[in-house]
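Down below is the structure, laid out as structure tokens.
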């Protein structure tokens, strides 16, 4: 099997993760579930970064750094998401985005 | 250009023109406080002007005041050459006499300062016109004359109709004046300058355009066909104004101008013919109109146009000396008649022929003067117009033109006869008096004096046709060699005039109802020429354009918005609140578009996501497709 | 190596000062009684001013890249540093009117400093990963600031802001990954070399993803949805900060991307940005058109302003006029936008235009300043934004985007509608209608007087200063540009 | 060019890839948040496995570790705040499912089409012997500033998160003048000053 | 330096007014009058010392009182001001009209301090526009006039003032943006990348690219045409005028419209000579259509102020006709084109004086009876002879009677333009007939006949807004007829000088022509390149 084929398989997996993540983020009402969707999409990003390093540019550390940064993004966004959720829950006993629609127009 | 041009001469010219103008402006600015001194001051001024005119006529000065600096002839240049010399003296003289008449004729409680202010201004404008050597100064004087005539005709603005007659006069003459503007442009284009005398040398088409412009301007000012009707309305003005306007000024100005530019007319060929025919036809048609009038001043007005028609005809056929003589003689004749008519109007309160029955017999002095003048008008030998008219007709080449001219001459005898038949008749009672205003029943000696002086000239100026006088006149005018009438022609015309006159008087004596029939004919209404000047088409056009302006142009701005609205309104919800006005429909359309633009902002996050994702997808496609 | 790193660290002195201000302020706050947190504010302001001074000192230095090219210091960075620092200082003062004495006052200032730091990092990033890191740093403090009041609207604002941010973060990471897949590198200089030869689909996804992330920070279409909601949900002072400061860095970042790595990419990034610009200005203006809430109106106005800013981004690589244009417009925008929000903050209780008009009452100078500011947003001379607009239009035309110039001109006219509504209400309505006649105002003269008294002092001062600064920056454009852009 | 991955590794990659996607789908299919959390964790772990196969053991380890902890936190969080944490009752909390599916599928299709149609560049050089060392050098060298900024970002996250999430601050505990001798906590404990 | 003082003195005065809230309303206006008077005196001094020089002055020849400072060096825009034969008359006109407005407003009672400040601000903006020798500086001042006038109309207008003000602002703002776009085109089109008018005129940009040059001219022309205004961009004008206060209308028509025409002669012609030549016929046609359209539509108006407003369209049409003819190099020689240009510039000054006076006179009507409707006035010459005389003089001046300034202008326009565009000129000449007709009709209706004055609607309104409880006695009071008082002192002192100046310029045109002619000749030469 050629490296390119494997790369394409791996990237397809990554694309699938992104696609599922996007679907989740767009379809879920619960804030936490939306965050999960993003995590999943970032999961795909992470995989893509790794694939880029291994199959295309192993000599440079940049792609590895992409993976690291993706991990950081996942972590901090999760943390921030929890904080935001708690804040609005405290203020309005709401954890669904559809219930936060006071601001519009 | 003959004559000397000295500083002294220039000063004379400047004072000649400037004195009446300044005096006039001073009177106008002082207003009613100057009413008492206005008359004497005006007489004094015109007397001085007359003296200066005489000096100028002998001195032939030139004067140039810088005006437009870019091209030659842009200055205000006045110069007195032969033609001007004659006209200057004429204008000053008639001005003086009519001023004297006005001082006597106007009621003491009238706004005399205003009257004499405009009167003097008018005289100044006419003096300027006849000395003008460049287009700018000609145009200035020409237009000022029109405007002051407006003010003079509308002098009694408190009475309905007076000012509107002035408006008509001003607008008609101004419509013709447009020709002068065009001519000025053409002069500049054709000669590179604005000097009047250079015009015949202009390049091809520009020369034609200049000639056409001047012709139109002159015909309008002189009330020639088809722009004659304003003259009828101009009779609304006070009688001294009529006397001045219809004799040596205003109406005469057109004739003068054509005489002045006769070389240009001749150079183009067609313009001369056009002028000749316009003059001849005016003489004929307006003569007929005059015959049909019931109002003395209207009759005189129409006859003025007719008589000036001969001057125009003269300019057309190249009979400059004859035209000049006709102009001068007619001035005296017509001034005398208007003075008489005015004096009668003041005395008897009417100017209807019916009311003036026997007027000449009531005050003999004035009556005699008027009779002499009327006879002169009729062309009866040996009075002035007989000779001058023949002098003009002598220059006519074509048979048709000559026939028309002779017919017109006959008509002048007819309408003069109408006047004479009335005023010389045995007086009736006073039942027709005071139809138009309350008469004073007295004729001031000054009026009689003025009329008498004018009558003397009306009678005597026939000498202008005597070869011994005519030849120097031709030399003075620089047109030596123009043909003079033969004895046969003189006899023929004299006979025709005398015959027509007596015939008319006799006919009217026998069949007074002929007059009534004439007065009911279309001729009495100036053959509908007034309709030509109707403002209605212009007003209609104006209203249409105004509607267009409001409905279309202004809305076009809004229409842009409306179109946008139709596209945007498909989904936009109705929003009733009004936002401050603005260009309403644009605002409305924008508001709808704005509402549409806010609709994505639903407040629902997942819709934000979906929209953002969709938008990004479109952008991705864009990126991939457009490279 | 060590010396180098020392010198490099010194090159980051303005950032270090900001960071020191943040950390120091936080520590100081730990031992500061609730009512005396003003000293933290002083520290924050001083840090900002110090940072600005340091940046200004470094401004004339030639352009350089430090930390292996991941951090670029050039005119753009310098101007953003100064503008951001000063804007943050003003925003801190502006915010103090509403947060003074708040238990978390210290944290508010610290977060503002951190966001400012992140903004500068955005502008200076010379590496995609640094861009991502700066994105995080510039975003998270703002989520907290947006929800600082912790009321229903504030938390909703924070939540929406955060969720849009998370989405954009994913897009940004996606884009970075795509670019790495395409080129194997994240540094701008190497990207610039490799991108022209990269496969177009990858480049497209990468460019789009990265720009989407940046556009989110800038508040541009199609990821602008947070702007109105967040602006309306939070306090005016915070809104001023959120809609002003991060945008400066985001636009600078976009500019740098377009000028260097994306300049010759196998996809037309320039066109993409132009479309973003066009969409932003149009949508922002249209949506603002019938707004009656002052904050939402200003929010949409900032969206449209970003559109104008993106015009110059679109031609970043095409004309040498772009850098001055960016510089002028950024500075002008910062001053003017803060001024506009200060006008709202001056009457904090007012939500609609008529409220505002009633609250301001007969205070002509306030109205004059507002008029100057709003006309500044329109781009009326001689304000700073006018000079900026002039430069931007020139640059866009020079960059062969005349259609964009025309569209921007049309949009400017459209924007006049809503700005004039406010201007007229302020300038004319006050006297034309008796105070009690305002539609939202309570009946009777008494409460209106109360509203009048409730105009806040400090924001008023900021408004006046911004108005003056707008004029001074516009009229004195030559002076400060000569300093900012040495030949 | 033949890949230098051994056949088993390729097989493992494919299998783990399938697993991660399947687990990812499961996240939004299962009817409880707790289960969703564990499905997500499964997906992460599968990806970590692929990372191992791609000779990135360190990153794989970090991923697995971080995600396990994160998912554990999430589970706790949901038990604290969320309705129906353990799937006690069936739930569907979706909106616009069809549109989202279209968009998600669209993204996937678009990316996949790209992936399978474009020409991929060739690898530049060989995989280094020690990928972890390479990463370490990058973090301490060429990408140091990135990590520094990330550090500051984490700092900012902590403060921001605290500000947003907690209602009580030092003035609640020690008084407005910070002069309370002992903290006024609802539940005794916590750190003294 | 003197020029800078002239420009900014009013602004400083405005600042003083705003900064001194204690100042009474009357004192504020007096201060306004004083500032305007001093400014006018300074302009007069400048005129006295102004020497057009032996060589053609113009833009390139080196303007007087020049100041050239760097402003925005990155785009080479500068604070470059100067005076030449084209701008000096307009500066003087600005001084005169604003002083007249100040005097006229002596009794303004509605927020007089702000009113005075706004006008002073407007004065600075107008002076600055006329003195600017840099495109951006020009634009800055140009735009500020819009802002100032907007507030004047919106704040002190009557009727539908805010709507009209908004329309005015939007419309002219569109124009100004087009102008800005055009300026940018000039900047980018030139080799030297500058906004400096002198440099651009010396080395015209886009000379070799007719399409680009044409487009830039279209943009600039559009901007100026809206301001001028030319058909069909004039529809903002009647509304703005109708609802503006009298002094505002006087400034709007007297000064602000000139910004547009001045822009043509100052910018479009010298800087885009090639394009101007190419498109001169369009200017001519636009001018002629404006002439006729303005005249005829004015004829149909029933509202005095709208009528005067439309005559402005007509008068500005003459200007364009003259300037367009100046661009038709092939068919016409230098002399004719120079005369046309001189006429156009003369028309700007003349129209400023006469229309200013006319609008102030219409303001007198409003102040007496709160209506401009022609039908509701009549026979005013009896109770108000001075008003009648002034109106008559202004009207005759406006219709182009010799002896008043309008004639000098129109005569030169026609005479100069005929060679270049005979058909157009002959058509345009008709305009003076129609204006004559409309003015004479208006005079006839307003001044003669039975004296008619409107009911005092203002008084009626005041009654109706009175609270119902206490107002029964007054509410039944019959509506009082307006007392048509003749011109009062301040009205006289503001209107008559304008008319006197119009007469002076009509009788002694050399006063102005000595200044204008060399500059116009220079422009004509520049266009002919």
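Chains as they are written, first to last, in the numbering used here: chain A, 1 to 105; chain B, 1001 to 1627; chain C, 2001 to 2487; chain D, 3001 to 3193; chain E, 4001 to 4529. All residues carry an ideal CB built from backbone N, CA and C; glycine is no exception. Every value quoted in this text rests on a predicted model; they were computed, and no experiment measured them.
Item: Residues of the region 2261-2280 of chain C whose Cβ lies closer than 9 Å to any Cβ of chain B, in chain order; Value: 2266, 2267, 2268, 2269, 2271, 2272, 2275, 2276 and 2279
Item: Short Cβ contact (8 Å threshold) for residue 83/A with residue 2152/C; Value: no
Item: 8 Å Cβ cutoff, residue 3131/D in contact with chain C; Value: no
Item: Within the region 1334-1367 of chain B, ranges of the alpha helix (DSSP H) (whole runs, at least 4 residues); Value: 1359-1362
Item: Chain E residues whose Cβ lies nearer than 7 Å to that of residue 1013/B; Value: What residue 1013/B touches in chain E: nothing, since even the nearest Cβ is about 17 Å away.
Item: Endpoints, beta strand (DSSP E) assigned at residue 4066/E; Value: 4064-4072
Item: Short Cβ contact (8 Å threshold) for residue 1020/B with residue 1120/B; Value: yes
Item: Within-8 Å CB hit, residue 1610/B to chain D; Value: yes
Item: Spatial neighbours of residue 2348/C in its chain, beta-carbon cut-off 7 Å, leaving aside the 5 residues before and after; Value: 2098, 2236 and 2456
Item: Beta carbon proximity, residue 3061/D to chain A, threshold 8 Å; Value: no
Item: Whole-number beta carbon distance between residue 2385/C and residue 2379/C, since they are thought to touch under 8 Å; Value: 5 Å
Item: Nonlocal neighbours in the same chain, by C-beta distance under 6 Å from residue 1381/B, ignoring five residues either side; Value: 1494
Item: Interface partners of residue 26/A on chain B, CB under 8 Å; Value: 1606, 1609, 1610 and 1613
Item: Beta-carbon contacts of residue 1096/B that lie in its chain and below 8 Å, excluding the five residues immediately before and after; Value: 1043, 1046, 1047, 1049 and 1050
Item: Buried/exposed call for residue 3170/D, threshold 16 Cβ in 10 Å; Value: buried
Item: Closest by C-alpha distance to residue 1216/B, when choosing among 1279/B, 1202/B and 1196/B; Value: 1279/B
Item: Supposed contact pair residue 2146/C and residue 2122/C - C-beta distance, whole angstroms, cut 8 Å; Value: Not really, about 18 Å apart at Cβ, beyond 8 Å.
Item: Neighbour list for residue 2217/C in chain A, Cβ cutoff strictly below 8 Å; Value: What residue 2217/C touches in chain A: nothing, since even the nearest Cβ is about 15 Å away.
Item: One or two residues paired with residue 4080/E in a DSSP bridge; Value: 4068/E
Item: Short CB-CB distance (under 8 Å) between residue 1993/C and chain D; Value: Coverage of chain C is limited to positions 2001 through 2487, which leaves residue 1993/C absent and any answer about it impossible.
Item: Residue 2066/C, DSSP secondary structure in three states; Value: strand
Item: Limits of the beta strand (DSSP E) - the one that residue 1076/B falls within; Value: 1076-1079
Item: Where residue 2317/C sits in the DSSP three-state scheme; Value: coil
Item: Cβ shell of residue 4175/E (< 6 Å), same chain only, five flanking positions each side left out; Value: 4223, 4226 and 4227
Item: Beta-carbon spacing of residue 2224/C, residue 2301/C below 8 Å; Value: no
Item: Exposed unless 16 or more other CB atoms sit within 10 angstroms - verdict on residue 1486/B; Value: exposed
Item: Contact set for residue 1151/B: own chain, Cβ-Cβ below 6 Å, skip 5 residues either direction; Value: 1118
Item: Paired residues, beta bridge with residue 28/A - DSSP; Value: 3094/D
Item: 8 Å Cβ cutoff, residue 4491/E in contact with chain B; Value: no
Item: Neighbour-count burial assignment, residue 2397/C, 16 or more Cβ in a 10 Å radius; Value: buried
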